[in-house]
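Remarks on the structure that follows.
2 protein chains.
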Amino acid sequence: MTSLRREAENDSGLAADDLRETWRLLSPEDRLEAFLDLPRPEAEDFFLGLPARDQLELLFAIPADQRRSWMRLLPPDDAADVVQQTVEDEREALLALLDEPTRREVMALMAYAEDEAGGLMNPRYARVRADVSVDEAISYLRRQAREHLENVYYVYVNDAEQRLVGVVSLRELFAAGADRTVRDIMSTELVTARGDMDQEELGRLFAAHDLQAIPVVDDQGHMQGIVTVDDIVDVIQEEATEDIQKIGGTEALDAPYLAISLPKMVQKRVIWLAALFLSEMLTTTAMARFEAEISRAVVLAIFIPLIISSGGNSGSQASTLVIRAMALGEVKLADWWRVIRRELFSGLMMGGVLGVIGFSRVILWHVIFHSYGSHYLVVAITIGLSVIGVVTWGTLSGSMLPFLLRRVGLDPASASAPFVATLVDVTGIVIYFSIASITLRGTLL
Amino acid sequence: MTSLRREAENDSGLAADDLRETWRLLSPEDRLEAFLDLPRPEAEDFFLGLPARDQLELLFAIPADQRRSWMRLLPPDDAADVVQQTVEDEREALLALLDEPTRREVMALMAYAEDEAGGLMNPRYARVRADVSVDEAISYLRRQAREHLENVYYVYVNDAEQRLVGVVSLRELFAAGADRTVRDIMSTELVTARGDMDQEELGRLFAAHDLQAIPVVDDQGHMQGIVTVDDIVDVIQEEATEDIQKIGGTEALDAPYLAISLPKMVQKRVIWLAALFLSEMLTTTAMARFEAEISRAVVLAIFIPLIISSGGNSGSQASTLVIRAMALGEVKLADWWRVIRRELFSGLMMGGVLGVIGFSRVILWHVIFHSYGSHYLVVAITIGLSVIGVVTWGTLSGSMLPFLLRRVGLDPASASAPFVATLVDVTGIVIYFSIASITLRGTLL
């Protein structure tokens, strides 16, 4: 398994791991009981590793006289998340559990949304002045650590007005000669974030620069706190989960699959399914317009699922690729023209390949089974041309839909595979019958 | 934008950022030129932030006499990644650029696959013995930092045989009284990984424990190195991208959307589209079996896209939710029975809702447009029942397919939305016509 213990191997250690494994499946009562059974140090580690939602649940469940010590265990950014999980009325009660300076920090953090850099930020970071010596800086850091420091990956160098002027990694500080000054060794090439930066963008910033922590500064360059990369790991997982669920055609569940209640899950799914179902009814309307053609040439009906699904599949592919490229920052709104050219070409190529396969299928079946009567050749041509048209159209519209959604301020990930497939189904039918009405005129129609 | 510079704001700083933005769009020649134009310190930061593939490209492009210093800039785990990007013949040449101890470290790391914990591991970590005092430990760390230390988030405590016995965060070390021993303050509750742990599992371990680094140990508990969380951010992004692309029905691109060559992209996409197209041909075969029914009741054909797409959509939803829950470790193989019960119930509920909508649609159109003749009621019942059956079947098969794929050792994410939709289309047609042949017997059929 993942966790090896050399010394101090004991039952309770395994109990904490077991609890972590089964946590999501336990009832609130069982969670509380198992949690209170853990020895304090392990319970603390376990508590700090929980999502804010579960921390809140535990805080309200544990005996009132223990609540203060658990609340104070949380670093300010996590405490702010917990407070933001609850309704307005109960926030005061939670904030009252904190000491005065921390309460002020937490309230300042709550001004930011939970999914912004400011909401992920920790105001307790290691800081020194530029003109102290390396030895003095290390002593000073040891003093800060004794008080309230959470993280020491980088030491931030602020001027007298708390404006960020440089950064030095602890490794560099350690490695430097004792009597050089911090200014000598600090780096002034700073990667910083603003408090209102979206967490998705922040995730990309971490990924691009491979940093352990990024400082948050205001407009005037005053340092406000740091966001550490461990908080970003959760964020990146969450954002990817949301996108994947939307691409699959559900509302984001916002909870683990097995933990969400069945009625709630059905509700989140059926809304989208019903919307798609109502849109898909347009296919019935479209088909009804061609009822006369179908009754004259039933062979046309037989190929409908094949043709419209080829458009749906190519559309799902294109939209998924563009959605992910947008989420990673690889493709921006302004790239729409580059994308449309790539997709037009790809669509024609892929449509060509599938069209040839479709054409050959009709010819082959005719040769083997004599399936399509004397007009097999025009049928084959109709199928081949329709597939080329539908695939090209599916690819183009699938790739442009995320741009359209983002342009009007919606989440591009809402261009889900089922949504694109539905859109393309309707137009696919129109394309198919329009081509058929030309190619089959005078023969079958 | 994201990067504020207080002091030392200069053109070259902006140049590095610009280069990062446009890198993926540049030709190899333009990349090299822009890179060589950067001042050395910035070029170093930039180089270290590149993916291994691009680092390799640069290493081969830059003048031979500069190659050694760039290669030696890389920490051992990154150097191993770069060496593994190239073909066997060229590896020796790259390894020869390293100093002897580093070369040995890199070769040891290369024994692991790039996507295992051992491949992400850095063998240079901060270490002390348990029985030294805090003051001695800090001095010793400063000596290590001067030599070869990369990271100091945690200080690992090894015994004489280099077996890991404890860990102390730098913050704790700093905060402790100078004359306490490391043993007094170290934690023996260790979260560790094995060298062959898959990177996806490693990502979950980081997310669950909120750690900055996780030590890698062998079977006997000997410490081999550490994996730091900044390497995991990239891993998590990559894994999510792969899953999203597979869910969308493409092979994973393994390159940014705008950077991959058009023929290569078309190739990765058309293979899946063609496979789906060939499978979807089964719908034509299925439909052909019902040709007689269709020619007697053309109204049946009109609802085909609506009915089969409702199965495809519910199937895509279910498979996507299960794929993501599996990737996050929320759902394991052994949970299949829990999932099947949830999905059976969800499928029936959602099918019921859509069935009622479908039924009402037929009745409504009959009342308003007199669309479906005197047998409108049996048509409405046929549509309603078929939708219930197809949605339930779609939901069940969509949720079970990822289990099946994982069971036989394939990636559950290959149960893409288009794949599930195709599978459900064929069975949907059979379900629809089977129900119709019962309900419409004696009236339309």
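Here the protein sequences line up with chains L and U, keeping their order. Residue numbering for the first sequence is 1 to 445, as defined by our numbering. Residue numbering for the second sequence is 1001 to 1445, as defined by our numbering. Ideal placement from N, C-alpha and C gives every residue a C-beta, glycine not left out. None of these values were measured; they are calculated from a predicted model.
Against chain U, the beta carbon of N313(L) has neighbours under 7 angstroms at G1249, L1273, L1276, P1418, listed in chain order. I226(L) carries a strand assignment under DSSP once its states are collapsed to helix, strand and coil.
For the region 1039-1056 of chain U, residues whose beta-carbon sits nearer than 8 angstroms to a beta-carbon of chain L comprise P1041, E1042, D1045, L1048, G1049. For the region 360-376 of chain L, the set of residues with a beta-carbon nearer than 8 angstroms to any beta-carbon of chain U comprises R361, S371, in chain order. Sequence-distant Cβ neighbours of R1067(U) in its own chain, meaning closer than 7 angstroms and more than five residues away, are L1059, L1097.
Here A178(L) has V134, D135 as same chain residues with Cβ atoms under 6 angstroms from its own Cβ, once five neighbours each way along the sequence are excluded. Sequence-distant Cβ neighbours of Q1199(U) in its own chain, meaning closer than 6 angstroms and more than five residues away, are D1115, V1235. In this structure, DSSP gives G1373(U) a state outside helix and strand, which the three-state scheme calls coil. About 5 angstroms separates the beta carbons of L306(L) and E1280(U), which is inside the 8 angstroms limit, making them a contact pair.
In the three-state reduction of the DSSP assignment, E1033(U) falls in the helix class.
At a cut-off of 8 angstroms between C-beta atoms, Q199(L) does not count as an interface residue with respect to chain U.
Counted as a single uninterrupted DSSP element, the alpha helix (DSSP H) harbouring V1106(U) occupies residues 1100-1109. At a C-beta separation below 7 angstroms, D425(L) has these neighbours in chain U: P1305, S1309. Exposure of F1369(U) is indicated by the presence of fewer than 16 other C-beta atoms within 10 angstroms of its C-beta.
For S169(L), DSSP records a beta bridge to Y154(L). Annotation for A301(L): I294 place their beta carbon closer than 7 angstroms to its own, counting only its chain and skipping 5 residues before and after.
According to DSSP, residue pairing for N122(L) in a beta bridge involves I226(L). Within the DSSP secondary-structure output, V128(L) pairs in a beta bridge with V157(L). Where I302(L) is concerned, there is no enclosing beta strand (DSSP E), although the alpha helix (DSSP H) around it starts and stops at 298-302. Near chain L, meaning a CB-to-CB distance below 7 angstroms, the residues of the region 1227-1249 of chain U are V1229, D1230, I1232, V1233, D1234, I1236, Q1237, A1240, T1241, D1243, I1244, Q1245, I1247, G1248, G1249. With respect to chain L, the C-beta atom of E1280(U) has a partner C-beta closer than 8 angstroms. V87(L) places its beta carbon 8 angstroms or farther from that of V106(L). By the criterion of at least three beta-carbon pairs nearer than 8 angstroms, the region 1358-1368 of chain U is not in contact with the region 1424-1431 of chain U.
For I1340(U), the nearest beta carbon of chain L is not closer than 8 angstroms to its own beta carbon.
When DSSP assignments are scanned along the region 223-268 of chain L, the uninterrupted stretches of beta strand (DSSP E) that are 3 or more residues long and fall wholly within it turn out to be 223-228. Between P263(L) and A1325(U), the gap from beta carbon to beta carbon reaches 8 angstroms or more. Within chain U, the residues whose beta carbon sits less than 8 angstroms from that of Q317(L) are G1248, G1249, T1250, R1269, W1272, L1273, P1418, listed in sequence order. Of all alpha-carbon atoms in L354(L), A160(L), F433(L), F403(L), the one lying nearest the alpha-carbon of V1266(U) is that of L354(L). Taking the Cα positions, A175(L) is about 9 angstroms away from L1141(U).
In the displayed model, V1216(U) falls within a strand according to three-state DSSP. Considering only L38(L), I383(L), R180(L), the residue with the shortest C-alpha distance to I438(L) is I383(L).
Taking 8 angstroms as the cut-off, the beta carbon of A130(L) is found no closer than this to the beta carbon of L173(L).
The beta carbon of A61(L) does not come within 8 angstroms of any beta carbon belonging to chain U, so the residue lies off that interface. As a beta-bridge residue in DSSP terms, T1181(U) pairs with S1133(U). The DSSP assignment places complete alpha helix (DSSP H) segments of no fewer than 4 residues inside the region 281-361 of chain L at 291-296, 298-302, 304-327, in order along the chain.
Judged by DSSP in its simplified three-state form, E1088(U) adopts helix.
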